[in-house]
Amino acid sequence: MATAREKRLALVIAVVAFVAFLAVVPLARVPLAKMPAFIPSYEAALFFIDLITAVLLFDQFVRVQTSGILFLAAGYLFDAFIIVPHALSFPGAFAPTGLLGGNAQTTAWL
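Per the UniProt record's numbering, the sequence shown runs over residues 1 to 110.
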């Protein structure tokens with residue numbers, strides 16, 4: 001159970017997040033500058049994070065032999081490897097229509 005101090009801290013964090021949200025609401029319709037390198041760098045970081053998480057979970061499975069951890073590790077490994085075709089199919093990331101020769105729906109389906 002959370003202590004009174006932890007509850008106050010959670011309330012303060014929620015209020016700060018809500019105030020930050022209210023501060024940026026007027027900027028909702030302002031278009032941001034195009035950053036073509038954002039998607040490839042984000043997907044690369046996500047690939048490595050998911051891969052490291054999968055390795056750590058597989059190691060944990062070897063130690064405790066719990067099937068739930070094995071399924072979770074396999075899920076992270078699958079996610080790490082499906083990120084590669086997702087990034088390659090993203091329009092504008094590496095080629096105007098993506099490198100895998102799909103259509104506008106390919107990235108969403110991956």
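Even for Gly, the Cβ is constructed at its ideal location relative to N, Cα and C.
Since the structure is predicted, the reported quantities are computational estimates derived from the model, not experimental observations.
If contacts are defined as beta-carbon pairs under 8 Å, then residue i and residue j qualify, I think. What distance do you get, rounded to the angstrom?
i, j, result
"Asp50", "Ile13", "That belief does not hold up - the Cβ atoms of Asp50 and Ile13 are roughly 27 Å apart, past 8 Å."
"Gly68", "Ser89", "With 8 Å as the limit, Gly68 and Ser89 do not qualify as a contact, their Cβ atoms being about 32 Å apart."
Would residue i and residue j qualify as a contact pair, given that the criterion is a beta-carbon distance under 8 Å?
i, j, result
"Ala80", "Ile39", "no"
"Leu99", "Thr106", "no"
"Ala73", "Ala54", "yes"
First and last residue of the alpha helix (DSSP H) that includes residue i?
i, result
"Gly68", "67 to 89"
"Phe61", "38 to 64"
"Lys7", "4 to 24"
Quick one, which of the options has its alpha-carbon nearest residue i's?
i, options, result
"Glu43", "Trp109, Val62, Val24, Pro85", "Pro85"
task: State whether the segment 71 to 79 contacts the segment 50 to 63, with contact taken as three or more CB pairs (one from each stretch) at a distance under 8 Å.
output: In short, these stretches touch, since the Cβ pair count reaches three.
field: Sufficient close CB pairs (3 or more, under 8 Å) joining the segment 92 to 103 to the segment 24 to 40
entry: Segments in contact, yes.
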